[in-house]
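*Asks:* Position 254 of the sequence shown, counting from 1, maps to 254 under the UniProt record's numbering, and the rest follow consecutively. The structure that follows is given in the form of C-alpha coordinates.
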Amino acid sequence: MTDRMKTLSAQQRAKFEEFKKAVSDVSCCTHYNRDIDLLSWLIARNYDVDVAADMMRKSMAWRERHRVNQLLEEWQPPAVLKDFFPRGYHGMTKTGMPLFIGCLGRMDIRGMVRSCKKTDFVKFALWCFETGGHQLLEISQKTGVPVNQFLIIFDLECLSMAQIAYKEGFELFLDMTRLMEANYPEGLGVCYVINAPPVFTVAWSMVRPLLRGTTQSKIQIFGHTGWQERLRDLIAPDQLPKHWGGALVGADGNPYFSPKICIGGEVPSNYFQDPHEVEKLVLHGRRLQVRRAGKYEHRIDVHRPATQITWRFCTKGYDIMFGVFKEHNSGRHEVVVKDRVYSHLVVEAGKHVCHEPGVYILEFDNSYSYFHSKDVHLDVVVV
1 MTDRMKTLSA QQRAKFEEFK KAVSDVSCCT HYNRDIDLLS WLIARNYDVD
51 VAADMMRKSM AWRERHRVNQ LLEEWQPPAV LKDFFPRGYH GMTKTGMPLF
101 IGCLGRMDIR GMVRSCKKTD FVKFALWCFE TGGHQLLEIS QKTGVPVNQF
151 LIIFDLECLS MAQIAYKEGF ELFLDMTRLM EANYPEGLGV CYVINAPPVF
201 TVAWSMVRPL LRGTTQSKIQ IFGHTGWQER LRDLIAPDQL PKHWGGALVG
251 ADGNPYFSPK ICIGGEVPSN YFQDPHEVEK LVLHGRRLQV RRAGKYEHRI
301 DVHRPATQIT WRFCTKGYDI MFGVFKEHNS GRHEVVVKDR VYSHLVVEAG
351 KHVCHEPGVY ILEFDNSYSY FHSKDVHLDV VVV
(Lines of atoms letter the chains of each structure in order from A and count residues from 1; the text may use other names and numbers.)
(Lines give C-alpha, C1' and ligand atoms only; values in the text may rest on other atoms or scores of the structure.)
Protein backbone atom coordinates (compact mmCIF):
# COMPACT_ATOMS: atom_id res chain seq x y z
CA MET A 1 0.00 0.00 0.00
CA THR A 2 1.35 3.42 -0.96
CA ASP A 3 2.30 5.86 1.79
CA ARG A 4 -0.05 8.78 1.10
CA MET A 5 2.43 11.23 2.60
CA LYS A 6 4.77 10.50 -0.31
CA THR A 7 2.14 11.34 -2.93
CA LEU A 8 1.48 14.93 -1.80
CA SER A 9 2.08 17.75 -4.25
CA ALA A 10 4.28 20.67 -3.20
CA GLN A 11 1.18 22.77 -2.51
CA GLN A 12 -0.44 20.00 -0.45
CA ARG A 13 2.78 19.47 1.49
CA ALA A 14 2.89 23.18 2.34
CA LYS A 15 -0.73 23.05 3.53
CA PHE A 16 0.08 20.00 5.63
CA GLU A 17 3.02 21.71 7.33
CA GLU A 18 0.82 24.74 8.02
CA PHE A 19 -1.88 22.50 9.50
CA LYS A 20 0.59 20.52 11.59
CA LYS A 21 1.89 23.75 13.11
CA ALA A 22 -1.67 25.01 13.74
CA VAL A 23 -2.58 21.93 15.80
CA SER A 24 0.80 21.41 17.48
CA ASP A 25 -0.73 22.33 20.84
CA VAL A 26 -3.47 19.68 20.58
CA SER A 27 -3.00 16.60 22.73
CA CYS A 28 -3.64 13.66 20.39
CA CYS A 29 -4.43 10.04 21.12
CA THR A 30 -2.32 7.33 19.49
CA HIS A 31 -4.77 7.18 16.57
CA TYR A 32 -3.87 10.67 15.43
CA ASN A 33 -0.25 11.38 16.31
CA ARG A 34 1.24 10.20 13.01
CA ASP A 35 1.62 12.47 10.01
CA ILE A 36 -0.70 10.26 7.96
CA ASP A 37 -3.40 10.63 10.61
CA LEU A 38 -3.04 14.40 10.74
CA LEU A 39 -3.31 14.45 6.97
CA SER A 40 -6.73 12.79 7.22
CA TRP A 41 -8.23 15.84 8.91
CA LEU A 42 -6.86 18.07 6.18
CA ILE A 43 -8.17 15.87 3.37
CA ALA A 44 -11.57 15.66 5.07
CA ARG A 45 -11.85 19.46 4.88
CA ASN A 46 -10.43 19.87 1.38
CA TYR A 47 -7.09 21.26 2.62
CA ASP A 48 -8.76 24.19 4.39
CA VAL A 49 -6.34 24.54 7.31
CA ASP A 50 -8.59 26.57 9.61
CA VAL A 51 -11.66 24.36 9.11
CA ALA A 52 -9.62 21.16 9.49
CA ALA A 53 -7.98 22.44 12.68
CA ASP A 54 -11.39 23.33 14.13
CA MET A 55 -12.71 19.87 13.25
CA MET A 56 -9.76 18.16 14.91
CA ARG A 57 -9.92 20.29 18.07
CA LYS A 58 -13.63 19.58 18.49
CA SER A 59 -13.04 15.87 18.01
CA MET A 60 -10.20 15.69 20.52
CA ALA A 61 -12.35 17.58 23.06
CA TRP A 62 -15.17 15.12 22.36
CA ARG A 63 -12.81 12.19 22.95
CA GLU A 64 -11.75 13.61 26.29
CA ARG A 65 -15.30 14.42 27.38
CA HIS A 66 -16.53 10.90 26.60
CA ARG A 67 -13.33 9.09 27.68
CA VAL A 68 -13.07 7.51 24.25
CA ASN A 69 -9.31 6.99 24.65
CA GLN A 70 -10.00 4.74 27.64
CA LEU A 71 -13.02 2.94 26.16
CA LEU A 72 -11.33 -0.34 25.25
CA GLU A 73 -9.90 -0.70 28.76
CA GLU A 74 -12.91 0.55 30.73
CA TRP A 75 -15.93 -0.85 28.88
CA GLN A 76 -17.13 -4.21 27.63
CA PRO A 77 -20.02 -4.47 25.14
CA PRO A 78 -23.24 -6.19 26.21
CA ALA A 79 -23.33 -9.84 25.18
CA VAL A 80 -26.10 -9.27 22.63
CA LEU A 81 -23.95 -6.82 20.66
CA LYS A 82 -20.83 -8.99 20.77
CA ASP A 83 -22.83 -12.06 19.75
CA PHE A 84 -25.26 -10.65 17.17
CA PHE A 85 -23.99 -7.36 15.74
CA PRO A 86 -22.81 -8.58 12.31
CA ARG A 87 -19.23 -7.51 11.70
CA GLY A 88 -15.64 -8.67 11.54
CA TYR A 89 -12.10 -7.48 10.84
CA HIS A 90 -10.12 -10.01 8.84
CA GLY A 91 -7.80 -10.19 5.86
CA MET A 92 -5.97 -7.75 3.58
CA THR A 93 -6.27 -6.58 0.01
CA LYS A 94 -3.49 -7.35 -2.43
CA THR A 95 -2.16 -3.83 -1.84
CA GLY A 96 -2.11 -4.17 1.96
CA MET A 97 -5.37 -2.49 2.97
CA PRO A 98 -7.14 -4.34 5.84
CA LEU A 99 -10.72 -5.59 5.43
CA PHE A 100 -13.89 -5.05 7.43
CA ILE A 101 -17.03 -7.03 6.61
CA GLY A 102 -20.48 -6.08 7.89
CA CYS A 103 -23.46 -8.34 7.13
CA LEU A 104 -25.99 -5.57 7.72
CA GLY A 105 -28.81 -7.36 5.94
CA ARG A 106 -28.76 -10.09 8.59
CA MET A 107 -28.95 -7.70 11.54
CA ASP A 108 -31.86 -8.23 13.95
CA ILE A 109 -31.98 -4.60 15.01
CA ARG A 110 -35.34 -4.99 16.77
CA GLY A 111 -33.99 -7.81 18.91
CA MET A 112 -30.89 -5.84 19.85
CA VAL A 113 -32.86 -2.70 20.71
CA ARG A 114 -35.03 -4.81 23.03
CA SER A 115 -31.90 -6.12 24.73
CA CYS A 116 -29.76 -3.05 25.48
CA LYS A 117 -29.77 0.73 25.79
CA LYS A 118 -29.17 3.26 23.03
CA THR A 119 -26.02 4.41 24.83
CA ASP A 120 -24.72 0.84 24.55
CA PHE A 121 -25.16 0.99 20.78
CA VAL A 122 -23.28 4.27 20.57
CA LYS A 123 -20.46 2.96 22.75
CA PHE A 124 -20.34 -0.22 20.70
CA ALA A 125 -19.92 1.77 17.50
CA LEU A 126 -17.04 3.63 19.14
CA TRP A 127 -15.66 0.32 20.44
CA CYS A 128 -15.59 -0.99 16.85
CA PHE A 129 -14.00 2.20 15.52
CA GLU A 130 -11.35 2.18 18.26
CA THR A 131 -10.63 -1.52 17.76
CA GLY A 132 -10.11 -0.82 14.08
CA GLY A 133 -7.80 2.09 14.87
CA HIS A 134 -5.59 -0.12 17.03
CA GLN A 135 -5.48 -2.75 14.29
CA LEU A 136 -4.32 -0.14 11.79
CA LEU A 137 -1.47 0.81 14.12
CA GLU A 138 -0.46 -2.84 14.56
CA ILE A 139 -0.47 -3.45 10.81
CA SER A 140 1.61 -0.31 10.24
CA GLN A 141 4.17 -1.44 12.81
CA LYS A 142 4.41 -4.92 11.26
CA THR A 143 4.71 -3.79 7.64
CA GLY A 144 6.62 -0.55 8.13
CA VAL A 145 4.10 1.23 5.90
CA PRO A 146 1.70 3.69 7.58
CA VAL A 147 -1.87 2.43 7.07
CA ASN A 148 -4.99 4.26 8.24
CA GLN A 149 -7.78 3.06 5.94
CA PHE A 150 -9.98 -0.01 5.56
CA LEU A 151 -11.68 -1.64 2.62
CA ILE A 152 -15.23 -2.20 3.83
CA ILE A 153 -17.76 -4.71 2.49
CA PHE A 154 -21.36 -4.16 3.54
CA ASP A 155 -23.45 -7.17 2.54
CA LEU A 156 -27.18 -6.33 2.39
CA GLU A 157 -28.37 -9.84 1.59
CA CYS A 158 -31.72 -10.40 3.42
CA LEU A 159 -32.30 -6.66 3.98
CA SER A 160 -36.03 -5.89 4.11
CA MET A 161 -38.24 -2.82 4.18
CA ALA A 162 -39.26 -3.80 7.71
CA GLN A 163 -35.66 -3.30 8.86
CA ILE A 164 -35.32 0.06 7.12
CA ALA A 165 -38.70 1.27 8.41
CA TYR A 166 -37.86 0.44 12.03
CA LYS A 167 -37.46 4.00 13.32
CA GLU A 168 -35.27 3.34 16.36
CA GLY A 169 -32.91 1.08 14.45
CA PHE A 170 -32.48 3.41 11.50
CA GLU A 171 -31.88 6.39 13.79
CA LEU A 172 -29.11 4.41 15.49
CA PHE A 173 -27.45 3.78 12.14
CA LEU A 174 -27.65 7.49 11.30
CA ASP A 175 -26.10 8.37 14.67
CA MET A 176 -23.22 5.97 13.99
CA THR A 177 -22.71 7.56 10.57
CA ARG A 178 -22.53 11.05 12.09
CA LEU A 179 -20.02 9.88 14.69
CA MET A 180 -17.79 8.37 12.03
CA GLU A 181 -17.87 11.43 9.79
CA ALA A 182 -17.11 13.86 12.63
CA ASN A 183 -14.42 11.90 14.45
CA TYR A 184 -12.85 9.26 12.20
CA PRO A 185 -12.02 11.11 8.97
CA GLU A 186 -10.70 9.23 5.96
CA GLY A 187 -10.80 5.86 7.71
CA LEU A 188 -12.65 4.53 4.69
CA GLY A 189 -10.45 3.60 1.77
CA VAL A 190 -13.21 2.13 -0.37
CA CYS A 191 -16.61 0.62 0.43
CA TYR A 192 -18.48 -2.03 -1.55
CA VAL A 193 -22.19 -2.27 -0.77
CA ILE A 194 -23.24 -5.62 -2.23
CA ASN A 195 -26.51 -7.52 -2.69
CA ALA A 196 -28.40 -4.24 -2.34
CA PRO A 197 -32.15 -4.81 -2.85
CA PRO A 198 -34.36 -2.15 -4.49
CA VAL A 199 -35.57 -0.94 -1.06
CA PHE A 200 -32.01 0.15 -0.24
CA THR A 201 -32.58 3.28 -2.32
CA VAL A 202 -34.88 4.52 0.47
CA ALA A 203 -32.16 4.12 3.11
CA TRP A 204 -29.43 5.52 0.86
CA SER A 205 -31.44 8.68 0.19
CA MET A 206 -31.34 9.42 3.94
CA VAL A 207 -27.75 8.34 4.63
CA ARG A 208 -26.09 10.00 1.65
CA PRO A 209 -26.63 13.64 2.78
CA LEU A 210 -24.73 12.87 6.00
CA LEU A 211 -21.60 11.87 4.08
CA ARG A 212 -18.94 14.21 2.76
CA GLY A 213 -18.45 14.26 -0.98
CA THR A 214 -15.11 12.46 -0.67
CA THR A 215 -16.77 9.70 1.36
CA GLN A 216 -19.60 9.33 -1.15
CA SER A 217 -17.10 8.96 -3.98
CA LYS A 218 -15.55 5.93 -2.26
CA ILE A 219 -18.82 3.97 -2.02
CA GLN A 220 -19.78 1.60 -4.84
CA ILE A 221 -23.21 -0.04 -4.74
CA PHE A 222 -23.99 -3.38 -6.39
CA GLY A 223 -27.02 -5.62 -6.66
CA HIS A 224 -26.50 -9.37 -6.73
CA THR A 225 -23.97 -9.32 -9.58
CA GLY A 226 -20.84 -7.47 -10.59
CA TRP A 227 -19.18 -7.29 -7.19
CA GLN A 228 -17.72 -10.82 -7.28
CA GLU A 229 -15.24 -9.98 -10.02
CA ARG A 230 -14.29 -6.70 -8.33
CA LEU A 231 -13.50 -8.41 -5.02
CA ARG A 232 -11.50 -11.14 -6.75
CA ASP A 233 -9.37 -8.49 -8.44
CA LEU A 234 -8.62 -6.79 -5.12
CA ILE A 235 -8.45 -9.62 -2.59
CA ALA A 236 -6.59 -12.95 -2.73
CA PRO A 237 -8.72 -16.07 -2.04
CA ASP A 238 -6.85 -16.87 1.19
CA GLN A 239 -7.86 -13.47 2.61
CA LEU A 240 -11.62 -13.62 1.94
CA PRO A 241 -14.38 -15.92 3.26
CA LYS A 242 -15.86 -18.37 0.77
CA HIS A 243 -19.31 -16.76 0.86
CA TRP A 244 -17.85 -13.63 -0.77
CA GLY A 245 -15.76 -15.45 -3.34
CA GLY A 246 -12.68 -16.40 -1.34
CA ALA A 247 -11.41 -19.68 0.10
CA LEU A 248 -11.73 -19.16 3.87
CA VAL A 249 -14.17 -21.31 5.84
CA GLY A 250 -14.85 -21.61 9.55
CA ALA A 251 -13.66 -24.53 11.67
CA ASP A 252 -17.00 -26.24 11.03
CA GLY A 253 -16.82 -25.55 7.30
CA ASN A 254 -19.20 -22.58 7.29
CA PRO A 255 -18.62 -20.26 4.30
CA TYR A 256 -18.86 -17.05 6.35
CA PHE A 257 -15.68 -17.80 8.33
CA SER A 258 -17.61 -17.33 11.56
CA PRO A 259 -17.09 -16.76 14.42
CA LYS A 260 -14.24 -14.56 13.13
CA ILE A 261 -16.90 -12.83 11.04
CA CYS A 262 -20.12 -12.48 13.04
CA ILE A 263 -23.07 -12.84 10.65
CA GLY A 264 -25.81 -11.70 13.02
CA GLY A 265 -29.13 -13.52 12.95
CA GLU A 266 -32.25 -13.45 15.09
CA VAL A 267 -31.65 -12.48 18.71
CA PRO A 268 -33.08 -15.11 21.11
CA SER A 269 -35.60 -13.84 23.64
CA ASN A 270 -33.34 -14.74 26.57
CA TYR A 271 -31.22 -11.68 25.62
CA PHE A 272 -34.22 -9.35 25.95
CA GLN A 273 -34.51 -7.10 28.96
CA ASP A 274 -36.68 -8.60 31.69
CA PRO A 275 -40.19 -7.08 31.31
CA HIS A 276 -40.52 -7.21 35.09
CA GLU A 277 -37.99 -4.36 35.27
CA VAL A 278 -40.54 -2.03 33.70
CA GLU A 279 -43.30 -3.35 35.96
CA LYS A 280 -41.21 -2.64 39.06
CA LEU A 281 -40.54 0.93 37.95
CA VAL A 282 -44.20 1.57 37.20
CA LEU A 283 -45.21 0.20 40.61
CA HIS A 284 -42.47 1.69 42.77
CA GLY A 285 -40.88 4.54 40.80
CA ARG A 286 -41.79 8.19 40.96
CA ARG A 287 -44.22 9.17 38.19
CA LEU A 288 -43.41 12.36 36.28
CA GLN A 289 -45.35 13.92 33.45
CA VAL A 290 -43.45 15.93 30.88
CA ARG A 291 -45.74 18.24 28.94
CA ARG A 292 -45.87 18.48 25.17
CA ALA A 293 -42.93 20.59 23.93
CA GLY A 294 -41.86 20.92 27.57
CA LYS A 295 -39.15 19.83 30.00
CA TYR A 296 -39.02 18.40 33.51
CA GLU A 297 -36.06 18.91 35.86
CA HIS A 298 -35.40 16.57 38.76
CA ARG A 299 -33.02 18.49 41.04
CA ILE A 300 -30.64 16.79 43.47
CA ASP A 301 -28.62 18.56 46.19
CA VAL A 302 -25.21 16.93 46.56
CA HIS A 303 -23.36 17.85 49.76
CA ARG A 304 -20.06 15.98 49.47
CA PRO A 305 -17.57 14.99 46.75
CA ALA A 306 -17.59 11.43 45.35
CA THR A 307 -21.37 11.18 45.76
CA GLN A 308 -22.85 8.83 43.17
CA ILE A 309 -26.22 9.43 41.52
CA THR A 310 -27.79 6.32 40.00
CA TRP A 311 -30.96 6.47 37.92
CA ARG A 312 -33.35 4.10 36.21
CA PHE A 313 -36.41 5.18 34.27
CA CYS A 314 -38.87 4.13 31.61
CA THR A 315 -41.47 5.93 29.50
CA LYS A 316 -44.76 4.73 28.11
CA GLY A 317 -45.15 4.57 24.36
CA TYR A 318 -42.58 7.17 23.29
CA ASP A 319 -38.90 8.05 23.63
CA ILE A 320 -37.57 11.14 25.42
CA MET A 321 -34.39 13.21 25.61
CA PHE A 322 -32.38 12.84 28.81
CA GLY A 323 -29.25 14.49 30.18
CA VAL A 324 -27.60 15.42 33.47
CA PHE A 325 -26.35 18.91 34.31
CA LYS A 326 -24.45 20.60 37.15
CA GLU A 327 -25.67 24.01 38.20
CA HIS A 328 -23.23 26.85 38.96
CA ASN A 329 -23.32 30.62 39.38
CA SER A 330 -23.03 31.46 35.69
CA GLY A 331 -25.47 28.81 34.50
CA ARG A 332 -24.94 25.08 34.18
CA HIS A 333 -22.84 22.59 32.29
CA GLU A 334 -23.53 19.14 30.92
CA VAL A 335 -22.06 16.18 32.82
CA VAL A 336 -24.01 13.44 30.99
CA VAL A 337 -24.61 14.27 27.34
CA LYS A 338 -28.27 14.83 26.52
CA ASP A 339 -29.66 12.48 23.89
CA ARG A 340 -32.89 10.81 22.85
CA VAL A 341 -33.18 7.46 24.60
CA TYR A 342 -35.44 4.51 23.83
CA SER A 343 -36.82 4.29 27.35
CA HIS A 344 -40.17 3.16 25.93
CA LEU A 345 -38.49 -0.07 24.78
CA VAL A 346 -35.97 -0.81 27.54
CA VAL A 347 -35.28 0.64 30.97
CA GLU A 348 -32.72 3.44 30.71
CA ALA A 349 -30.16 3.18 33.51
CA GLY A 350 -26.99 5.07 34.32
CA LYS A 351 -24.87 6.70 36.98
CA HIS A 352 -22.67 9.72 37.56
CA VAL A 353 -20.02 10.31 40.21
CA CYS A 354 -20.20 13.93 41.41
CA HIS A 355 -16.66 15.25 41.86
CA GLU A 356 -17.86 18.35 43.67
CA PRO A 357 -20.89 19.35 45.76
CA GLY A 358 -23.73 21.36 44.26
CA VAL A 359 -27.06 21.03 42.52
CA TYR A 360 -27.32 18.34 39.84
CA ILE A 361 -30.25 18.22 37.45
CA LEU A 362 -31.73 15.18 35.71
CA GLU A 363 -33.44 16.77 32.72
CA PHE A 364 -36.23 15.09 30.75
CA ASP A 365 -36.64 17.06 27.54
CA ASN A 366 -39.78 16.69 25.42
CA SER A 367 -39.34 19.96 23.52
CA TYR A 368 -39.19 18.16 20.16
CA SER A 369 -42.65 16.58 20.61
CA TYR A 370 -45.58 18.92 19.95
CA PHE A 371 -48.24 16.21 20.03
CA HIS A 372 -47.46 13.87 22.93
CA SER A 373 -46.81 14.41 26.62
CA LYS A 374 -44.58 11.77 28.20
CA ASP A 375 -45.12 9.72 31.34
CA VAL A 376 -41.82 8.92 33.06
CA HIS A 377 -41.37 6.43 35.89
CA LEU A 378 -38.14 7.27 37.70
CA ASP A 379 -36.06 5.68 40.43
CA VAL A 380 -33.05 7.64 41.75
CA VAL A 381 -30.52 6.57 44.37
CA VAL A 382 -27.95 9.00 45.83
CA VAL A 383 -25.09 7.53 47.89
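For glycine and all other residues, C-beta sits at the position ideal for the given N, C-alpha and C.
Taking DSSP as the reference, what is the three-state secondary structure of Leu-378?
*Replies:* Residue state, collapsed to three classes: strand.
*Asks:* Quick check on Met-112: buried or exposed, where buried means 16 or more other Cβ atoms within 10 Å of its Cβ?
*Replies:* Buried is the call here.
*Asks:* If you draw a straight line from the alpha carbon of Phe-364 to that of Glu-334, how long is it in whole angstroms?
*Replies:* Using only the alpha carbons, I get a separation of about 13 Å.
*Asks:* Looking at the structure shown, is Ile-263 part of a helix, part of a strand, or coil, going by DSSP?
*Replies:* It is coil, neither helix nor strand.
*Asks:* Would the beta-carbon of Val-324 fall within 7 Å of that of Leu-378?
*Replies:* Contact: no.
*Asks:* Could you tell me whether the segment 290-300 touches the segment 336-343, using the rule of 3 or more Cβ pairs below 8 Å?
*Replies:* No: the two stretches stay apart, fewer than three of their Cβ pairs being nearer than 8 Å.
*Asks:* Write down the C-beta distance between Leu-211 and Glu-181 rounded to the nearest angstrom, noting that I regard them as a contact closer than 8 Å.
*Replies:* Indeed they touch by this definition, with Cβ atoms about 6 Å apart.
*Asks:* What three-state label does DSSP hand Lys-117 in the structure shown?
*Replies:* Residue state, collapsed to three classes: coil.
*Asks:* If we require 4 or more residues per run, which alpha helix (DSSP H) segments fall completely within the segment 70-127?
*Replies:* 71-74, 79-84 and 109-113, all fully within the segment 70-127.
*Asks:* So Arg-13 is in the alpha helix (DSSP H); what residue range does that whole segment cover?
*Replies:* Run containing Arg-13: 10-22, per the alpha helix (DSSP H) assignment.
*Asks:* Closest by CA to Arg-230, which one among Gln-11, Ala-79 and Thr-93?
*Replies:* Comparing Cα-Cα distances from Arg-230 to each of Gln-11, Ala-79 and Thr-93, the minimum goes to Thr-93.
*Asks:* Which runs of the alpha helix (DSSP H) at least 4 residues long sit entirely within the segment 212-266? Give them in chain order.
*Replies:* The segment 212-266 contains these whole alpha helix (DSSP H) runs: 213-216 and 227-234.
*Asks:* Relative to the C-alpha of Gly-96, which residue among Gly-223, Thr-143, Pro-209 and Tyr-360 is closest?
*Replies:* Selected option, being the one with the closest Cα: Thr-143.
*Asks:* Taking DSSP's pairing of strands, which residues face Arg-299 in a bridge?
*Replies:* According to DSSP, which records beta bridges pairwise, Arg-299 is partnered with Ile-361.
*Asks:* Is it buried or exposed for Asn-329, if we count other Cβ within 10 angstroms and need 16 for buried?
*Replies:* Asn-329 should be labelled exposed.
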